[in-house]
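Enquirer:
Number of protein chains: 2
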Amino acid sequence: MSQQEKIMEEFRSVFNKLVWLNRGEMEEALKGHKSSEVHCIEYIGKHVDPNVTRLAEAFYMTRGAISKITKKLLDKGLIESYQSSENKKEIYFRLTPEGRNVFEIHENLHRSFRERDDVVFEKVSAEQYASMSRFLDAYNRHLDAEIDKQGIMLQDRPNPE
Amino acid sequence: MSQQEKIMEEFRSVFNKLVWLNRGEMEEALKGHKSSEVHCIEYIGKHVDPNVTRLAEAFYMTRGAISKITKKLLDKGLIESYQSSENKKEIYFRLTPEGRNVFEIHENLHRSFRERDDVVFEKVSAEQYASMSRFLDAYNRHLDAEIDKQGIMLQDRPNPE
DNA sequence: CTCATTTTGTTTCCTTGTCAACAAAAATTA
DNA sequence: TAATTTTTGTTGACAAGGAAACAAAATGAG
Numbered sequence: 232m233s234q235q236e237k238i239m240e241e242f243r244s245v246f247n248k249l250v251w252l253n254r255g256e257m258e259e260a261l262k263g264h265k266s267s268e269v270h271c272i273e274y275i276g277k278h279v280d281p282n283v284t285r286l287a288e289a290f291y292m293t294r295g296a297i298s299k300i301t302k303k304l305l306d307k308g309l310i311e312s313y314q315s316s317e318n319k320k321e322i323y324f325r326l327t328p329e330g331r332n333v334f335e336i337h338e339n340l341h342r343s344f345r346e347r348d349d350v351v352f353e354k355v356s357a358e359q360y361a362s363m364s365r366f367l368d369a370y371n372r373h374l375d376a377e378i379d380k381q382g383i384m385l386q387d388r389p390n391p392e
Numbered sequence: 232m233s234q235q236e237k238i239m240e241e242f243r244s245v246f247n248k249l250v251w252l253n254r255g256e257m258e259e260a261l262k263g264h265k266s267s268e269v270h271c272i273e274y275i276g277k278h279v280d281p282n283v284t285r286l287a288e289a290f291y292m293t294r295g296a297i298s299k300i301t302k303k304l305l306d307k308g309l310i311e312s313y314q315s316s317e318n319k320k321e322i323y324f325r326l327t328p329e330g331r332n333v334f335e336i337h338e339n340l341h342r343s344f345r346e347r348d349d350v351v352f353e354k355v356s357a358e359q360y361a362s363m364s365r366f367l368d369a370y371n372r373h374l375d376a377e378i379d380k381q382g383i384m385l386q387d388r389p390n391p392e
């Protein structure tokens, strides 16, 4: 196995474990709310004028899926929607006080995850941080370019009918 | 945002893009086979005496889900099952020639993904590799310990009935 | 050995997300 | 301006995966 494959394998392993572990704790702490709902609450709490389309792009999900989640959050009274006077098409969301409460719990939990993993990160030197960040930045830019390429290829496909 | 959070954020971003991009190319190249099916084929092709339980553990999925996927692969004739004479409970899988074919296509695609991303990795020095690997190893071990802890806590919960 | 417990695989029901079709509004083009 | 195209959000049909209940086999305790 190449260095590249070895790194990516470890990378994947860490990621999967994190998702699994954090989701479990999250759903235990925020019983009654699914992790996808909490993700939406987090995004809505941190951005201005978020709508279905922005949420979908942020989470690599379809607008349909997000539409259903926000509908549930509206029903639960965790978010509310509003519109601008200039645009009667887009529908934005904001947190209600109850939603803000869930948001805070989520933030605290995130802090506790961070603290849980501190032992690992406190051994990382400034140079190591910089080095990893350089690598991840480069990889991110590379993948953005590849996704763009893919997007163009899909768009240019002639319509068969 | 702390160094830790910044790194993890970039980490997450790279990972999501990789999954999205590779899955798309994979499903285009292997039309008719879902990516989860191909993952199972890959695992079965690379391990000895794989069964439903091993696959579930490897992919952090339930045995029920894997059972359904292997059923589909059996129906498609991509894998076949066999049992040992000492154990009449466990059911193992192996690839058929057709499954082996899908396996090879998948491997080639993986190679092409690796080559696609080579530009990023060829800029990584040996020391950078070592440094990242140390970090990922430590993180992996830490998470394993935390998952263990979680498992014990779930097991030790007194049964209410 | 015998009985209880654990492991393994399957099935049913339910939830979640995708896909495709759609309607309304906005943006673009002629 | 008028007509076309794109964007936005929603819905219904469908597929994938999880939870739980189950049966059969293996393991363990006595």
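Residue numbers (our numbering), protein chains in the order written: chain A, 232 to 392; chain B, 232 to 392. No residue lacks a Cβ here, since even glycine has one placed at the ideal position from N, Cα and C. For clarity, every value in this text was computed on a predicted model and none was experimentally measured.
1. If you run the structure through DSSP and keep just helix, strand and coil, what is I378(A)?
2. Return the chain-ordered list of same chain residues with a C-beta closer than 8 Å to the C-beta of M232(B), the five sequence neighbours on each side being excluded.
3. Step through the CB atoms of chain A and report whether any lies within less than 8 Å of the CB of Y360(B).
4. DSSP state of N282(B), grouped into three classes?
5. Since L252(A) meets chain B, which of its residues come closer than 9 Å, beta carbon to beta carbon?
6. Residues of chain B with CB under 9 Å from N371(A), in chain order?
7. Whose CA, out of I322(B), S364(B), Y370(B), lies closest to the CA of V351(A)?
8. Using a C-beta to C-beta distance shorter than 7 Å, which residues of chain A count as neighbours of L352(B)?
9. According to a CB-to-CB cut-off of less than 9 Å, which residues of the stretch 263 to 297 of chain A neighbour chain B?
10. How far does the beta strand (DSSP E) with L230(B) in it reach, from first residue to last?
11. With a CB to CB cut of under 7 Å and the five nearest residues on each side skipped, what residues in its chain are close to P281(A)?
12. Would you say I336(B) reaches chain A, if we count a Cβ-Cβ gap shorter than 8 Å as a contact?
13. Have a look at E329(A) and E346(B) and give me their C-alpha separation to the nearest angstrom.
14. I believe K248(B) touches L374(A) by the beta-carbon criterion, under 8 Å. Please report the beta-carbon distance rounded to the nearest angstrom.
15. From K265(B) to Y291(B), what distance separates their C-alpha atoms?
16. At least one CB of chain B closer than 8 Å to the CB of L367(A): is that the case?
17. Would you check if there are 3 or more beta carbon pairs closer than 8 Å linking the stretch 243 to 257 of chain B to the stretch 295 to 313 of chain B?
Expert: On the basis of the data shown:
1. helix
2. E240
3. yes
4. strand
5. L374, E377, I378, Q381
6. E241, S244, V245, K248
7. Y370(B)
8. Per the sequence shown, residue 352(B) should be read as Phe rather than Leu. Those within 7 Å of F352(B) in chain A are Q235.
9. F290, Y291
10. This structure cannot speak to residue 230(B), because chain B is shown only from 232 to 392.
11. Y274, I275, Y323, F324
12. no
13. 49 Å
14. 4 Å
15. 17 Å
16. yes
17. no
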